[in-house]
Amino acid sequence: MMAVYALTGFSFVSLLGFGYLSWDWIKPGLVSDVSMDPMEKSLPPTFTRPPHIIFILTDDQGYHDVGYHGSDIQTPTLDRLAAEGVKLENYYIQPICTPSRSQLITGRYQIHTGLQHSIIRPRQPNCLPLDRVTLPQKLQEAGYSTHMVGKWHLGFYKKECLPTRRGFDTFLGSLTGNVDYYTYDNCDGPGVCGYDLHEGENVAWGQSGKYSTVLYAQRVNKILATHSPKEPIFIYVAFQAVHTPLQSPKEYIYRYRSMGNVARRKYAAMVTCMDEAVKNITWALKKYGYYDNSVIIFSTDNGGQTFSGGSNWPLRGRKGTYWEGGVRGIGFVHSPLIQRKRRTSWALVHITDWYPTLVTLAGGNVSAAEGLDGYDVWPAISEGKASPRMEILHNIDPLYNHAKYGSLEDGFGIWNTAVQASIRVGEWKLLTGDPGYSDWIPPQTLTNFPGSWWNLERLTHGLRKSVWLFNITADPYERYDLSQQRPDVVRALLTRLVHYNRTAIPVRYPAENPRAHPDFNGGAWGPWASEDEAEEWEGMGERLRSKNRKKKCKICKLRSFFRKLNTRLMSNRI
């Protein structure tokens with residue numbers, strides 16, 4: 319490891335060219351202390367007992383939408399916790415819900431769980447692979463009490479997929495990805511609606527009418543009040559906020575009555591309500607005696623949705639894209655146990671890193687044989703040491719609509735650039751295929767924004783191309799594409815994509831099944847398949863998907879038309 323850090327003054331790709339580093343040498347799982355027997359793992363030297371771990375995940379909160387990033391939204395609690403802890407300003411997540419959550423829970427990239435395409439939809443017979451040991455299961459092995467509050471969105475078609483079967487002792491929250499904040503109803507298309515709030519493995523009908531952000535904070539308070547601070551606890555708080563629908567208690571909306579943009583006004587109110595919920599959770603940690611031995615981690619799950627009030631300014635792109643606005647997240651760690659507090663860290667950190675980091679903090683065992691894609695980044699966070707992470711595979715999605723102008727020839731004969739993929743190695747970031755909507759969208763409160771580079775790029779982002787290369791360290795806003803100037807770097811990163819693609823498992827994206835309709839399940843979303851049914855429907859889904867590939871191609875032109883129309887509409891709105 320010291321040899322790697324000693325060479326940081328050189329270009330990463332030039333080192334590869336001269337043979338000082340090999341791609342295989344740095345592949346995930348090998349840059350770790352593999353010489354240590356896993357059974358010899360113990361608590362970090364500054365810890366006298368396993369810490370209480372509170373992981374807070376927000377939904378669709380934009381990079382700009384926190385006070386300390388210069389936002390017009392009030393987040394005093396998040397600002398204070400971040401200022402007193404360590405701000406992670408080189409922190410990456412995934413562009414949409416299910417992928418981020420799956421990588422947090424498994425410590426693995428999407429290509430290693432079969433979830434590299436889209437999200438898990440309510441009617442799909444699909445869920446987080448049952449053969450993967452989850453983060454809460456590892457913490458249970460280390461003696462922790464484990465609890466989940468909030469949004470699951472990792473599949474539920476059979477009971478084995480539920481949070482309480484995947485390592486959580488208790489669960490209160492929703493199984494799908496999008497519910498009403500008060501009624502907890504979710505519609506997956508016209509007439510396909512059902513209730514989605516669950517307590518353990520049962521439907522929590524009696525909680526309807528309570529605003530979810532407040533309900534979830536109250537649940538955390540109750541868990542802390544009834545547990546002993548002498549025993550380690552892990553609470554995963556996955557707020558529904560600030561995902562659509564845009565709903566908030568009126569008292570929060572009143573604070574932003576001067577905002578002209580209605581969506582932004584409602585969204586801001588939801589963020590501030592969530593901030594106060596975090597304040598109440600922190601207060602409960604102190605009241606019940608947990609705080610002094612606690613680690614609080616705050617993370618967003620993907621970029622903000624700009625047409626629903628969110629802002630990723632000054633980053634490029636939005637939720638659902640592989641531009642920085644879709645994958646760079648808000649993140650910080652707050653803990654009395656941090657050695658170097660009150661600072662900003664630029665260490666490269668990815669959401670997969672929390673798995674080995676937290677298991678190690680808990681005194682658990684993380685073996686190199688487990689094949690994790692994450693790294694233990696606690697020394698980088700607490701002590702300011704260099705991050706062991708040198709690269710991030712943002713994703714490879716073979717099912718996403720192929721870029722019209724991509725080809726194997728454009729990929730030096732080793733990679734089809736029509737395939738949607740993105741990777742970062744050192745200071746370089748490569749995108750191929752269709753990365754998603756690529757504009758920079760100023761804060762919605764601004765009516766006019768000057769800036770020649772922004773206006774120029776808006777006019778040129780639709781050029782016929784399928785490869786982009788950026789020096790993210792020097793150009794974090796992705797203004798200057800260097801793919802033509804540095805073909806050597808492009809080729810090196812494409813080679814790395816090829817390596818990862820060889821390790822990928824088949825995509826799991828089965829066809830939807832009518833048996834999942836809430837009308838067949840008492841009016842609520844929930845498990846609907848037996849073990850035998852699940853195997854039969856999964857196989858049927860694969861056959862249908864293969865049969866319908868050509869049919870799907872017939873609507874590619876229609877999808878392209880609507881993407882172009884959406885781009886024009888967004889340009890007019892800006």
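Counting from 319, one number per residue, gives the positions in the sequence shown under this note's numbering.
Don't be surprised by glycine CBs; every beta carbon is placed ideally from N, CA and C.
None of the values given here were measured: they were computed from a predicted structure.
Residue 473 is not a Cβ neighbour of residue 415, given a cutoff of 9 Å. Within the DSSP bridge table, the entry for residue 556 names 375, 468 as partners. Runs of the alpha helix (DSSP H) lying entirely within the segment 433-477, each at least 4 residues long, are 453-459 in chain order. Excluding residues up to 5 positions away in sequence, 361, 362, 365, 368, 369, 371, 613, 696 lie with their Cβ nearer than 8 Å to the Cβ of residue 679 in the same chain. In the displayed model, residue 712 falls within a strand according to three-state DSSP. In this structure, the alpha-carbon of residue 824 lies about 29 Å from that of residue 623. C-alpha of residue 393 to C-alpha of residue 629: approximately 15 Å in a straight line. Residues of the same chain with a CB within less than 7 Å of the CB of residue 815, apart from the 5 flanking positions on each side, are 714, 733, 739, 741 in chain order. In the three-state reduction of the DSSP assignment, residue 825 falls in the coil class.
Annotation for residue 566: no alpha helix (DSSP H) segment contains it, and DSSP assigns it neither H nor E. Shown here for residue 749: same chain residues with a beta carbon closer than 6 Å to its own, the five before and five after excluded, namely 640, 740, 786 in chain order.
The shortest CA-to-CA distance from residue 711 to any of 457, 668, 607, 530 is the one to 668. Annotation for residue 742: the continuous beta strand (DSSP E) segment containing it runs 738-743. Judged by DSSP in its simplified three-state form, residue 746 adopts strand. Under the Cβ criterion (8 Å, minimum of three pairs), the segment 455-470 does not count as touching the segment 822-840. Taking every protein chain shown into account, the CB of residue 491 has 16 or more other CB atoms within 10 angstroms, so this residue is buried. The beta-carbon distance between residue 412 and residue 421, rounded to whole angstroms, is 6 Å. This is short enough to meet the 8 Å contact definition. By the 16-neighbour rule on beta-carbons within 10 angstroms, residue 540 is exposed. If you ignore the 5 residues before and after residue 527, its C-beta comes within less than 8 Å of the C-beta of 500, 501, all in its own chain and listed in chain order. Cβ-Cβ distances below 7 Å link residue 459 to 682 in the same chain, with the five nearest sequence neighbours on each side left out; the list follows chain order. Cα atoms of residue 633 and residue 408: separation of roughly 13 Å, rounded to the nearest angstrom.
Following the DSSP letters along the chain, one finds residue 539 in no beta strand (DSSP E) but inside the alpha helix (DSSP H) bounded by residues 530-544. Non-local beta-carbon contacts of residue 397 in its own chain, meaning distances under 8 Å to residues more than five positions away in sequence, involve 384, 385, 386 in chain order. Sequence-distant Cβ neighbours of residue 620 in its own chain, meaning closer than 7 Å and more than five residues away, are 378, 411, 412, 413, 414, 415, 418, 637, 644. Judged by their CB atoms, residue 719 and residue 752 are nearer to each other than the 9 Å cut-off. Residue 534 is not a Cβ neighbour of residue 552, given a cutoff of 9 Å. Positions of the beta strand (DSSP E) runs, each at least 3 residues long and wholly inside the segment 568-635, are given as 612-618 in order along the chain.
Take the alpha-carbon of residue 688 and the one of residue 574: they are about 48 Å apart. Going by DSSP, residue 643 is part of the alpha helix (DSSP H) stretching over 642-645. A direct Cα-Cα distance of roughly 7 Å separates residue 594 from residue 395.
Closest by C-alpha distance to residue 709, out of 793, 818, 754, 701, is 818. DSSP places residue 520 in the strand class (E or B) of the three-state scheme.
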